[in-house]
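In this text, residue positions in the sequence shown follow numbering that gives the first Met the number 0: the first is 0, and each later residue adds one. We treat Cβ as the ideally placed atom computed from N, Cα and C, and that holds for glycine.
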Amino acid sequence: MPDLLPPCSPRVFHNPRADQDRAYGPSERAILSRAAFEEARKEISAWPGYAPTPLRSLKGLARAAGIDRLWYKDESARFALGSFKALGGAYAVLRLLAREVSARAPGVPVTALDLVVGRYGTITRTLTVTTATDGNHGRSVAWGAQVFGCGCVIYVPAKCSEGRRRAIAEYGARVVRVDGTYDDAVRRAAADAAANGWFVVSDTSYTGYMDVPRDVMQGYAVMVEEAVSQLPASERPTHVFVQGGVGALPAAVCGHLWETWGRQRPRFVSVEPHGADCLYRSAVAGRPSAAEGSLETVMAGLACGEPSLLAWAILERGADDFMTIDDSAAIATMRLLAEGTAGDRPLVAGESGVAGLAALLCSAADPEARAALGLAPDARVLVFGTEGATDPAVYEDLVGRRPEAVSGA
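Written out as structure tokens, the structure reads:
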């Protein structure tokens with residue numbers, strides 16, 4: 000195989016608690032379920048501007064990686080936000096506001112259209128939602144707050160880029176920069192919400208806070224079902240690589256595929272940066288565990304130190320492997336996609352959104368990792384490109400060109 004990436008020294012840990020024969024049971028369905036998914040799909044598919052994002056077959060990269068098929072779910076044009084997170088945060092805002100309006104006006108059904116046209120504006124304008132974010136989730140929450148008519152305060156860690164901060168503020172949110180990490184921003188958002196009577200709309204769950212993160216993850220499952228329906232009828236992936244963060248995304252993908260395909264589900268690999276590896280550490284320890292150190296990584300959307308408890312409840316037995324990669328692999332993968340490889344269409348992808356693909360390419364080039372993950376020549380791999388150039392300045396700095404200069408952007 001040609002050297003697609005610089006040496007990237009992937010770490011691979013096979014999950015001893017993974018159980019391919021385990022049925023998707025009541026405890027898992029209490030978190031994510033087909034029934035709740037159908038409700039989310041019905042709602043989100045009715046939003047103006049909704050359209051399934053493309054599932055791209057990267058035949059050139061598949062050949063170069065020595066596998067049979069490689070499918071890339073391209074989220075770079077999801078609604079106006081350029082990220083899959085439009086499906087989660089905004090949907091959770093809608094669900095929360097509908098519940099609050101119904102609580103104040105019992106017996107009155109509340110629809111998304113009611114909120115969009117301001118039918119209950121006298122109520123929603125008194126409500127404020129808040130969250131912590133490295134960029135994309137906060138942008139989705141701010142967008143949802145603007146569309147559905149409530150106030151919004153977003154907390155970002157110190158190293159959140161100025162471009163991502165501005166993108167959130169453009170939706171009318173007040174953005175507060177916290178002197179610390181993403182996890183510090185989570186704690187500040189929760190404390191200020193409690194003090195001010197605001198509502199936290201987070202994609203991470205913790206003791207005493209579970210309902211809203213379920214809605215966020217259920218919204219993400221819309222993307223997963225799109226990918227399932229877009230796969231060739233006679234083919235299924237043997238492997239799925241998904242970037243980690245707090246775990247909400249990999250849990251949504253893992254849970255949906257687990258419930259849909261049961262024992263025939265693909266091998267599931269969770270991917271994180273070397274320096275922000277809370278899911279990897281949790282797998283090694285056998286319990287939710289925090290990452291250590293500064294969480295320094297170019298993959299800013301994955302710079303999370305503590306796993307979501309709900310997500311871990313799915314991944315603990317549903318994920319087969321946990322991986323970490325270094326920043327150079329993500330940057331090189333962004334450049335490969337921008338250039339187009341072996342005839343593939345050039346694509347714009349952000350630094351956090353390529354982690355799953357970068358892990359696949361690292362593993363394909365590393366004999367030990369390749370064997371550990373069972374990446375045989377007939378492997379068929381699905382990855383999720385979960386963001387485009389959500390900060391064009393950062394993208395240009397890493398790739399060497401503006402996103403609009405990439406053919407097919």
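Give the straight-line distance between the Cα atoms of Val199 and Ala89, rounded to the nearest whole angstrom. Against the sequence shown, residue 199 aligns to sequence position 200. Against the sequence shown, residue 89 aligns to sequence position 90. The straight-line gap separating the alpha-carbon atoms of Val199 and Ala89 is approximately 13 angstroms.
Buried or exposed: where does Lys41 fall if 16 or more other Cβ atoms within 10 Å of its Cβ makes it buried? As a working mapping, residue 41 is identified with position 42 in the sequence shown. It counts as exposed.
Between the Cα of Gln242 and the Cα atoms of Thr385, Val297, Asp2 and Ser32, which residue gives the shortest distance? As a first step, residue 242 is located in the sequence shown; it is residue number 243 there, counting from the start. With distances taken between Cα atoms, Gln242 lies closest to Thr385.
Mind listing, in chain order, the continuous alpha helix (DSSP H) runs of no fewer than 4 residues lying wholly within the region 179-248? Counting whole runs of 4 or more residues, the region 179-248 contains the alpha helix (DSSP H) stretches 181-195 and 210-229.
Starting from Trp311, trace the alpha helix (DSSP H) both ways and give me its first and last residue. For the purposes of this step, residue 311 is taken as residue 312 along the sequence shown, with counting starting at 1. For Trp311, the enclosing alpha helix (DSSP H) stretches over residues Leu308 to Gly317.
Name the residue from Gly162, Thr125 and Arg264 whose alpha carbon lies nearest to the alpha carbon of Asn195. Counted from its first residue, the sequence shown places residue 195 at position 196. Nearest option by C-alpha distance: Thr125.
Have a look at Ala70 and His255 and give me their C-alpha separation to the nearest angstrom. Taking the sequence shown and counting its residues from 1, one reaches residue 70 at position 71. Taking the sequence shown and counting its residues from 1, one reaches residue 255 at position 256. One point to set straight first is that residue 70 is Trp, not Ala, in the sequence displayed. Cα-Cα distance, rounded: 18 angstroms.
Can you look up Met0 in the DSSP assignment and give me helix, strand or coil? Here residue 0 corresponds to residue number 1 of the sequence shown, with the count starting at 1. Annotation note: pLDDT 47 at Met0 (below 50); position unreliable, no value reported.
Please state whether DSSP places Thr129 in a helix, a strand or coil. Taking the first residue of the sequence shown as 1, we reach residue 129 at position 130. The answer is strand: DSSP assigns Thr129 an E or B state.
Rounded straight-line distance, which links the Cα of Leu96 to that of Trp197: As a position in the sequence shown, residue 197 is number 198, starting the count at 1. As a position in the sequence shown, residue 96 is number 97, starting the count at 1. Taken atom to atom, the span from the alpha-carbon of Trp197 to that of Leu96 is near 12 angstroms.
Inspect the CB distances between the region 79-89 and the region 100-116 and report whether three or more fall short of 8 angstroms. They do not touch, by the three-pair rule.
Under the three-state DSSP convention, the category Gly292 falls into: Position 293 of the sequence shown, counting from 1, holds the residue named residue 292. Collapsing the DSSP output to three states places Gly292 in coil.
Is Lys41 helix, strand or coil by DSSP? By 1-based counting over the sequence shown, the position of residue 41 is 42. In the structure shown, Lys41 sits in a helix (DSSP, three-state: H, G or I).
Taking only the alpha-carbon atoms, compute the straight-line gap between Trp311 and Ser204 and give it to the nearest angstrom. Within the sequence shown, residue 311 is the residue found at index 312, counting from 1. Within the sequence shown, residue 204 is the residue found at index 205, counting from 1. The alpha-carbon separation between Trp311 and Ser204 amounts to approximately 10 angstroms.
For a test of the three-state rule: what should DSSP assign to His136, helix, strand or coil? Reading the sequence shown from its first residue, position 137 is the one you call residue 136. Helix.
For Arg344, three-class secondary structure by DSSP: By 1-based counting over the sequence shown, the position of residue 344 is 345. Coil.
Please specify which runs of the beta strand (DSSP E), each continuous and at least 3 residues long, are wholly inside the region 251-304, giving them in chain order. The region 251-304 is shown to contain whole beta strand (DSSP E) runs of 3 or more residues at 266-272, in chain order.
When burial is assigned at 16 or more other CB atoms within 10 Å of the CB, is Pro231 buried or exposed? Taking the sequence shown and counting its residues from 1, the one referred to as residue 231 is at position 232. The residue is exposed, with fewer than 16 neighbouring Cβ atoms inside 10 Å.
Can you give me the C-alpha to C-alpha distance between His238 and Ala141, rounded to a whole angstrom? The residue labelled residue 238 in the question sits at position 239 within the sequence shown. The residue labelled residue 141 in the question sits at position 142 within the sequence shown. One C-alpha to the other measures close to 34 angstroms.
Met322 to Arg176, Cα distance in whole Å? For the purposes of this step, residue 322 is taken as residue 323 along the sequence shown, with counting starting at 1. For the purposes of this step, residue 176 is taken as residue 177 along the sequence shown, with counting starting at 1. One C-alpha to the other measures close to 30 angstroms.
So the candidates are Thr127, Ala290, Glu161 and Lys158; which of them puts its Cα closest to the Cα of Gln145? Along the sequence shown, one-based indexing puts residue 145 at 146. Taking each of Thr127, Ala290, Glu161 and Lys158 in turn and checking the Cα distance to Gln145, the smallest one comes out for Thr127.
Provide the residue span of the alpha helix (DSSP H) that contains Thr332, from first to last. Numbered from its first residue, the sequence shown carries residue 332 at position 333. Segment Asp326 to Glu338, the alpha helix (DSSP H) holding Thr332.
Check whether the Cβ of Leu301 sits closer than 7 angstroms to any heavy atom of the ligand HEM, and report yes or no. Looking for the ligand HEM in the displayed structure turns up nothing, as the structure carries no ligands at all.
Evaluate Asp182 with the Cβ neighbour count: other Cβ atoms within 10 Å of its Cβ, from every protein chain shown; 16 or more gives buried, anything less gives exposed. If you number the sequence shown from 1, residue 182 lands on position 183. Classification for Asp182: buried.
Can you tell me whether Pro366 is buried or exposed? The criterion is at least 16 other CB atoms within 10 Å of its CB, across all chains shown. Counted from its first residue, the sequence shown places residue 366 at position 367. The Cβ neighbour count for Pro366, taken over all protein chains shown within 10 Å, is under 16; the residue is labelled exposed.
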